[in-house]
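Residue numbers (the working numbering): 65 to 303.
Put into C-alpha coordinates, the structure is as follows:
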(Lines of atoms letter the chains of each structure in order from A and count residues from 1; the text may use other names and numbers.)
(Lines give C-alpha, C1' and ligand atoms only; values in the text may rest on other atoms or scores of the structure.)
Protein backbone atom coordinates (compact mmCIF):
# COMPACT_ATOMS: atom_id res chain seq x y z
CA UNK A 1 0.00 0.00 0.00
CA UNK A 2 1.40 3.44 -0.87
CA UNK A 3 2.56 5.52 2.00
CA UNK A 4 0.07 8.26 1.08
CA UNK A 5 -2.90 5.88 1.44
CA UNK A 6 -1.54 4.51 4.76
CA UNK A 7 -1.24 7.99 6.12
CA UNK A 8 -4.74 8.83 4.91
CA UNK A 9 -6.17 5.71 6.63
CA UNK A 10 -4.44 6.68 9.79
CA UNK A 11 -5.79 10.22 9.57
CA UNK A 12 -9.31 8.90 9.15
CA UNK A 13 -9.23 6.85 12.41
CA UNK A 14 -11.43 8.07 15.17
CA UNK A 15 -10.11 8.69 18.63
CA UNK A 16 -11.62 5.42 19.93
CA UNK A 17 -10.12 3.44 17.08
CA UNK A 18 -6.74 4.94 17.79
CA UNK A 19 -6.98 4.12 21.46
CA UNK A 20 -8.02 0.52 20.64
CA UNK A 21 -5.15 0.17 18.25
CA UNK A 22 -2.76 1.55 20.83
CA UNK A 23 -3.99 -0.87 23.50
CA UNK A 24 -3.67 -3.79 21.11
CA UNK A 25 -0.19 -2.72 20.24
CA UNK A 26 0.80 -2.41 23.89
CA UNK A 27 -0.77 -5.77 24.77
CA UNK A 28 0.83 -7.63 21.92
CA UNK A 29 4.17 -6.03 22.55
CA UNK A 30 3.97 -7.12 26.23
CA UNK A 31 3.51 -10.84 25.56
CA UNK A 32 7.20 -11.63 25.06
CA UNK A 33 7.95 -9.85 28.32
CA UNK A 34 5.41 -11.95 30.30
CA UNK A 35 6.80 -15.06 28.67
CA UNK A 36 10.22 -14.13 29.95
CA UNK A 37 8.82 -13.50 33.44
CA UNK A 38 6.97 -16.81 33.45
CA UNK A 39 10.02 -18.66 32.26
CA UNK A 40 12.07 -16.99 34.93
CA UNK A 41 9.57 -17.98 37.62
CA UNK A 42 9.54 -21.68 36.59
CA UNK A 43 13.29 -22.04 36.41
CA UNK A 44 14.44 -23.98 39.53
CA UNK A 45 16.76 -22.30 41.96
CA UNK A 46 20.03 -24.19 41.68
CA UNK A 47 21.96 -21.94 43.99
CA UNK A 48 21.82 -24.50 46.84
CA UNK A 49 22.18 -27.71 44.81
CA UNK A 50 25.94 -27.43 44.68
CA UNK A 51 26.27 -26.97 48.46
CA UNK A 52 27.75 -30.06 50.16
CA UNK A 53 25.92 -31.23 53.37
CA UNK A 54 27.78 -30.42 56.53
CA UNK A 55 28.01 -32.99 59.36
CA UNK A 56 28.20 -31.61 62.87
CA UNK A 57 29.56 -33.89 65.57
CA UNK A 58 29.16 -32.90 69.20
CA UNK A 59 30.62 -34.83 72.11
CA UNK A 60 28.13 -35.48 74.94
CA UNK A 61 29.50 -36.33 78.35
CA UNK A 62 27.78 -39.46 79.75
CA UNK A 63 27.49 -40.05 83.49
CA UNK A 64 29.92 -42.60 84.86
CA UNK A 65 28.19 -45.61 86.39
CA UNK A 66 29.90 -46.63 89.58
CA UNK A 67 29.24 -49.51 91.92
CA UNK A 68 30.07 -49.32 95.57
CA UNK A 69 32.69 -51.77 96.76
CA UNK A 70 30.38 -52.63 99.66
CA UNK A 71 27.37 -53.38 97.48
CA UNK A 72 25.68 -56.72 98.11
CA UNK A 73 23.49 -58.79 95.81
CA UNK A 74 20.60 -60.96 96.98
CA UNK A 75 19.58 -64.29 95.49
CA UNK A 76 17.09 -66.93 96.56
CA UNK A 77 15.87 -70.37 95.62
CA UNK A 78 13.32 -72.90 96.86
CA UNK A 79 14.55 -76.42 97.49
CA UNK A 80 13.17 -79.10 95.19
CA UNK A 81 12.59 -82.80 95.68
CA UNK A 82 15.93 -84.59 95.83
CA UNK A 83 17.88 -81.38 96.54
CA UNK A 84 20.83 -81.26 98.87
CA UNK A 85 22.04 -78.06 100.47
CA UNK A 86 25.05 -78.15 98.17
CA UNK A 87 22.97 -78.53 94.99
CA UNK A 88 20.61 -75.74 96.02
CA UNK A 89 23.52 -73.37 96.61
CA UNK A 90 25.19 -74.40 93.35
CA UNK A 91 21.98 -73.49 91.54
CA UNK A 92 22.54 -69.92 92.74
CA UNK A 93 26.08 -69.95 91.29
CA UNK A 94 27.79 -70.06 94.69
CA UNK A 95 31.45 -71.04 94.39
CA UNK A 96 32.23 -74.65 95.38
CA UNK A 97 34.97 -73.54 97.79
CA UNK A 98 32.50 -71.23 99.55
CA UNK A 99 30.02 -74.10 99.84
CA UNK A 100 32.66 -76.34 101.43
CA UNK A 101 33.54 -73.65 103.98
CA UNK A 102 29.86 -73.21 104.73
CA UNK A 103 29.22 -76.91 105.22
CA UNK A 104 32.09 -77.09 107.70
CA UNK A 105 29.95 -75.00 110.11
CA UNK A 106 28.39 -77.41 112.60
CA UNK A 107 24.87 -75.98 112.55
CA UNK A 108 24.78 -75.87 108.75
CA UNK A 109 26.23 -79.37 108.48
CA UNK A 110 23.45 -80.73 110.72
CA UNK A 111 20.82 -78.87 108.73
CA UNK A 112 22.16 -80.11 105.39
CA UNK A 113 21.18 -83.65 106.31
CA UNK A 114 17.50 -82.68 106.64
CA UNK A 115 16.86 -80.50 103.60
CA UNK A 116 13.32 -81.05 102.34
CA UNK A 117 11.45 -79.66 99.33
CA UNK A 118 9.77 -76.27 99.47
CA UNK A 119 12.30 -74.56 101.77
CA UNK A 120 13.33 -71.01 100.98
CA UNK A 121 17.08 -70.27 100.94
CA UNK A 122 18.23 -66.67 100.66
CA UNK A 123 21.84 -65.57 100.17
CA UNK A 124 23.72 -62.29 99.82
CA UNK A 125 27.05 -61.98 98.03
CA UNK A 126 29.54 -59.24 97.28
CA UNK A 127 30.14 -57.88 93.80
CA UNK A 128 32.90 -60.44 93.19
CA UNK A 129 30.69 -63.36 94.33
CA UNK A 130 31.94 -63.76 97.91
CA UNK A 131 29.26 -65.29 100.12
CA UNK A 132 28.22 -62.99 102.99
CA UNK A 133 25.00 -64.35 104.55
CA UNK A 134 22.66 -67.28 104.10
CA UNK A 135 19.21 -67.62 105.62
CA UNK A 136 17.51 -71.03 105.78
CA UNK A 137 13.79 -71.42 106.28
CA UNK A 138 12.93 -74.04 108.88
CA UNK A 139 9.71 -75.64 110.06
CA UNK A 140 9.61 -73.87 113.41
CA UNK A 141 9.16 -70.17 114.10
CA UNK A 142 12.84 -69.32 113.58
CA UNK A 143 15.25 -69.33 110.66
CA UNK A 144 18.90 -70.27 110.66
CA UNK A 145 21.06 -67.33 109.63
CA UNK A 146 24.73 -67.85 108.77
CA UNK A 147 27.04 -64.86 108.51
CA UNK A 148 30.58 -64.61 107.24
CA UNK A 149 33.24 -63.79 109.82
CA UNK A 150 36.61 -63.59 108.12
CA UNK A 151 37.17 -66.89 106.34
CA UNK A 152 34.67 -68.75 108.53
CA UNK A 153 30.90 -68.68 109.04
CA UNK A 154 28.93 -68.15 112.25
CA UNK A 155 25.39 -69.54 112.64
CA UNK A 156 22.66 -67.90 114.70
CA UNK A 157 18.92 -68.14 115.21
CA UNK A 158 16.75 -65.55 113.53
CA UNK A 159 13.08 -64.85 114.12
CA UNK A 160 10.92 -65.23 111.06
CA UNK A 161 8.97 -62.18 110.00
CA UNK A 162 5.36 -62.74 111.07
CA UNK A 163 2.23 -60.63 110.83
CA UNK A 164 -1.50 -61.04 111.45
CA UNK A 165 -3.95 -60.22 108.66
CA UNK A 166 -7.74 -60.01 108.70
CA UNK A 167 -9.43 -62.11 106.00
CA UNK A 168 -13.10 -62.25 104.92
CA UNK A 169 -14.52 -65.20 102.98
CA UNK A 170 -18.00 -66.01 101.67
CA UNK A 171 -19.51 -69.20 100.32
CA UNK A 172 -22.69 -70.86 99.05
CA UNK A 173 -23.94 -74.28 100.13
CA UNK A 174 -24.41 -76.77 97.30
CA UNK A 175 -24.31 -80.10 99.09
CA UNK A 176 -22.75 -79.75 102.56
CA UNK A 177 -21.41 -77.06 104.85
CA UNK A 178 -17.83 -78.32 104.84
CA UNK A 179 -17.89 -78.82 101.10
CA UNK A 180 -18.86 -75.14 100.79
CA UNK A 181 -16.17 -73.94 103.21
CA UNK A 182 -13.51 -75.95 101.35
CA UNK A 183 -14.61 -74.41 98.06
CA UNK A 184 -14.40 -70.95 99.62
CA UNK A 185 -10.85 -71.59 100.92
CA UNK A 186 -11.86 -71.39 104.57
CA UNK A 187 -9.60 -73.41 106.92
CA UNK A 188 -11.28 -76.28 108.81
CA UNK A 189 -10.36 -74.61 112.10
CA UNK A 190 -12.47 -71.57 111.17
CA UNK A 191 -15.29 -73.71 109.72
CA UNK A 192 -15.52 -75.71 112.97
CA UNK A 193 -15.67 -72.52 115.01
CA UNK A 194 -18.38 -71.05 112.76
CA UNK A 195 -20.52 -74.19 113.05
CA UNK A 196 -20.06 -74.20 116.81
CA UNK A 197 -21.08 -70.55 117.26
CA UNK A 198 -24.07 -70.68 114.87
CA UNK A 199 -25.34 -74.08 115.99
CA UNK A 200 -27.59 -72.40 118.61
CA UNK A 201 -29.55 -70.71 115.78
CA UNK A 202 -29.02 -73.04 112.82
CA UNK A 203 -29.54 -76.80 112.70
CA UNK A 204 -26.83 -77.71 110.17
CA UNK A 205 -28.13 -81.30 109.97
CA UNK A 206 -31.81 -80.65 109.27
CA UNK A 207 -32.14 -77.00 108.28
CA UNK A 208 -29.30 -76.77 105.74
CA UNK A 209 -30.64 -75.96 102.27
CA UNK A 210 -29.00 -75.74 98.86
CA UNK A 211 -28.28 -72.08 98.10
CA UNK A 212 -27.75 -71.00 101.73
CA UNK A 213 -24.92 -68.46 101.98
CA UNK A 214 -22.48 -67.60 104.74
CA UNK A 215 -19.64 -65.17 105.45
CA UNK A 216 -16.81 -65.27 107.98
CA UNK A 217 -14.15 -62.82 109.13
CA UNK A 218 -11.02 -64.24 110.78
CA UNK A 219 -7.32 -63.63 111.29
CA UNK A 220 -4.44 -65.42 109.56
CA UNK A 221 -0.81 -65.51 110.66
CA UNK A 222 1.63 -64.90 107.83
CA UNK A 223 5.26 -65.95 108.10
CA UNK A 224 7.78 -64.52 105.64
CA UNK A 225 4.92 -63.33 103.47
CA UNK A 226 3.19 -66.75 103.29
CA UNK A 227 0.05 -67.87 105.19
CA UNK A 228 1.15 -70.09 108.07
CA UNK A 229 -1.80 -70.60 110.42
CA UNK A 230 -5.43 -69.56 110.84
CA UNK A 231 -6.09 -67.38 113.87
CA UNK A 232 -9.32 -66.34 115.55
CA UNK A 233 -12.85 -66.17 114.15
CA UNK A 234 -13.98 -62.54 114.45
CA UNK A 235 -17.46 -62.65 112.89
CA UNK A 236 -19.80 -65.12 111.18
CA UNK A 237 -23.07 -64.80 109.27
CA UNK A 238 -25.35 -67.49 107.85
CA UNK A 239 -28.33 -66.66 105.61
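Glycine included, every Cβ here is placed at the ideal spot set by N, Cα and C.
- With a cutoff of 8 Å on beta-carbon distance, residue 264 and residue 303 are scored as not near each other.
- Runs of the beta strand (DSSP E) lying entirely within the region 189 to 275, each at least 3 residues long, are 195 to 200, 206 to 213, 216 to 223 and 226 to 236 in chain order.
- The alpha-carbon of residue 154 is positioned some 40 Å away from that of residue 247.
- In the DSSP assignment, residue 293 falls within the unbroken beta strand (DSSP E) covering 290 to 302.
- In the DSSP annotation of this structure, residue 152 is not part of any beta strand (DSSP E); the continuous alpha helix (DSSP H) holding it starts and ends at 149 to 155.
- Non-local beta-carbon contacts of residue 283 in its own chain, meaning distances under 8 Å to residues more than five positions away in sequence, involve 228, 229, 230, 231, 294, 295, 296 and 298 in chain order.
- Put simply, the backbone Cα of residue 256 is about 10 Å away from that of residue 241.
- Nearest C-alpha to residue 290 among 261, 201 and 215: 201.
- In the DSSP annotation of this structure, residue 168 is not part of any beta strand (DSSP E), being labelled neither H nor E.
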